[in-house]
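Notes to accompany the following structure.
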Amino acid sequence: MEIFLEILFLIIGMVLLIKGADFFVEGSSAVAKALKVPSLIIGLTLVSIGTSLPELAVSITSSIAGKNDLSFGNVVGSNIFNILVVLGLCAAIMPLAVSNNVLKYDIPIYIGIAALIAVFAFGITPFVLTQWEAGVIFALFLLYLGFTIWRGLKGKDEAVEEEENENTKKRPMWLNIIFIIGGGAAIVFGGDFTVQSASKLATRLGMSELLVGLTIVAVGTSLPELITSLVASKKGENDIAVGNAVGSCIFNIVGILSITGMIHDVPLEALSYIDFIVMSLAIIFIFIFAFRSKKINRWQGILLVLMYAAYLTYIILRNMGMC
293 MEIFLEILFL
303 IIGMVLLIKG
313 ADFFVEGSSA
323 VAKALKVPSL
333 IIGLTLVSIG
343 TSLPELAVSI
353 TSSIAGKNDL
363 SFGNVVGSNI
373 FNILVVLGLC
383 AAIMPLAVSN
393 NVLKYDIPIY
403 IGIAALIAVF
413 AFGITPFVLT
423 QWEAGVIFAL
433 FLLYLGFTIW
443 RGLKGKDEAV
453 EEEENENTKK
463 RPMWLNIIFI
473 IGGGAAIVFG
483 GDFTVQSASK
493 LATRLGMSEL
503 LVGLTIVAVG
513 TSLPELITSL
523 VASKKGENDI
533 AVGNAVGSCI
543 FNIVGILSIT
553 GMIHDVPLEA
563 LSYIDFIVMS
573 LAIIFIFIFA
583 FRSKKINRWQ
593 GILLVLMYAA
603 YLTYIILRNM
613 GMC
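So the number in my numbering is just where the residue sits in the sequence shown, counting from 1, plus 292.
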């Protein structure tokens, strides 16, 4: 009976995270528009970060509670899920075009920063990400954020701006503020519910916190990216589908992991380097698939999903001590 209660609280926590992030982004976007902040900058920063708020809330709550395995597992697991499942399913539905900008800038930046984190966490200070290393990564995150805004200002998207204006002018300012406050509160409480329930569930089921972070929590907190990208893909909005998944991955690994590490050092399990390698290889596969044809075909999308199924099988067997 207690296990069912923990599962119930876990689901409640994830629902609060997802809906809280949705309301927070809606309210913040509307207020920013009222203050004359360009919609393009809002989309490139606030909205992309907003879809990663569940991961941020879980990781910070985990770090404060000293549950670093859950925090690390959530970030790495979410990225693996975003790349293999989110992009894989989108491509399986319809061949997914990948823009030159993503291939030229975002994916190489992701690979480069992942390599730097690997040097820090598995080389210079083996199996721990220290606070000063996290500080270096956070500085890189700020640089990437500035670079993204600069890129956004170079290419204007008036259609998106008009659409956002239509959506935000109808809502009164007091309601937008309520959205921000209510969404923020839901994120905080949802993060606490998710971390506490996931930790207790792991103990009761004999699962490690790293496994719970890599699977249950990672999938749950990645639902905003999955839903957003699937809807965009079905509508033929490939840039949104790919940009949402890749952008969220960069924010997860650069922003969330660095913020978590700056709270205090993040110790890693002995086998966590394998999960990090899988995360890095996943984005490399995307780059290889899209390098020549500038798209991910249906069979490649199915292959990505099957790769996630194989990885999921491996980590479950690993937790059972069978490999």
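A virtual CB, placed ideally from N, CA and C, is assigned to each residue, including glycine. All of these numbers come straight from a predicted model, not from anything done at the bench.
Is the CB-CB distance between residue i and residue j below 9 Å?
{"i": "D557", "j": "V428", "result": "no"}
{"i": "L376", "j": "S525", "result": "no"}
{"i": "L522", "j": "L381", "result": "yes"}
{"i": "F579", "j": "A410", "result": "no"}
{"i": "G280", "j": "G483", "result": "Nothing about residue 280 can be read from this structure; the chain reaches only from 293 to 615."}
{"i": "S550", "j": "F433", "result": "yes"}
{"i": "L502", "j": "L595", "result": "no"}
With distances taken from CA atoms, which of the options is nearest residue i?
{"i": "G358", "options": "L308, G415, F301, G553", "result": "G553"}
{"i": "V534", "options": "F296, I403, G369, K587", "result": "K587"}
{"i": "I519", "options": "I508, Y600, A537, F301", "result": "A537"}
{"i": "Q592", "options": "F301, F296, A383, A322", "result": "A383"}
{"i": "G528", "options": "F364, M386, F301", "result": "M386"}
{"i": "V390", "options": "F577, V597, M614", "result": "F577"}
{"i": "A426", "options": "M614, I555, M599, I469", "result": "I555"}
{"i": "E347", "options": "I566, G547, A562, M465", "result": "G547"}
{"i": "S564", "options": "L308, F414, T353, A490", "result": "F414"}
{"i": "A326", "options": "T422, S354, I469", "result": "I469"}
{"i": "P559", "options": "V307, L302, S354, L308", "result": "S354"}
{"i": "N360", "options": "V307, I472, S491", "result": "S491"}
Assuming the contact rule is C-beta atoms closer than 8 Å, residue i and residue j should be a hit. Round their C-beta distance to whole Å, please.
{"i": "A510", "j": "F412", "result": "That belief does not hold up - the Cβ atoms of A510 and F412 are roughly 22 Å apart, past 8 Å."}
{"i": "E298", "j": "R463", "result": "Wrong, their Cβ atoms sit about 37 Å apart, outside the cutoff."}
{"i": "T513", "j": "N366", "result": "6 Å"}
{"i": "L379", "j": "F583", "result": "That pair is no contact at about 15 Å."}
{"i": "T486", "j": "V350", "result": "5 Å"}
{"i": "I295", "j": "L506", "result": "I295 to L506, Cβ: 20 Å. No contact."}
{"i": "I403", "j": "I575", "result": "6 Å"}
Pull the bridge partners of residue i from the DSSP assignment, please.
{"i": "A389", "result": "K587"}
{"i": "V558", "result": "L421"}
Check the Cβ-Cβ distances between residue i and every residue of chain C, and say whether any is below 9 Å.
{"i": "E425", "result": "Protein chains in the displayed structure number just one, and chain C is not present."}
- Message: Using 8 Å as the cut-off, can you tell me whether the segment 398 to 406 makes contact with the segment 603 to 614, which would need three or more C-beta pairs spanning the two stretches below that distance?
- Response: no
- Contact between the segment 350 to 370 and the segment 539 to 550 (3+ Cβ pairs under 8 Å): yes
- Query: Looking at C-beta atoms only, is the number of pairs between the segment 464 to 478 and the segment 309 to 316 that lie closer than 8 Å three or more?
  - Reply: yes
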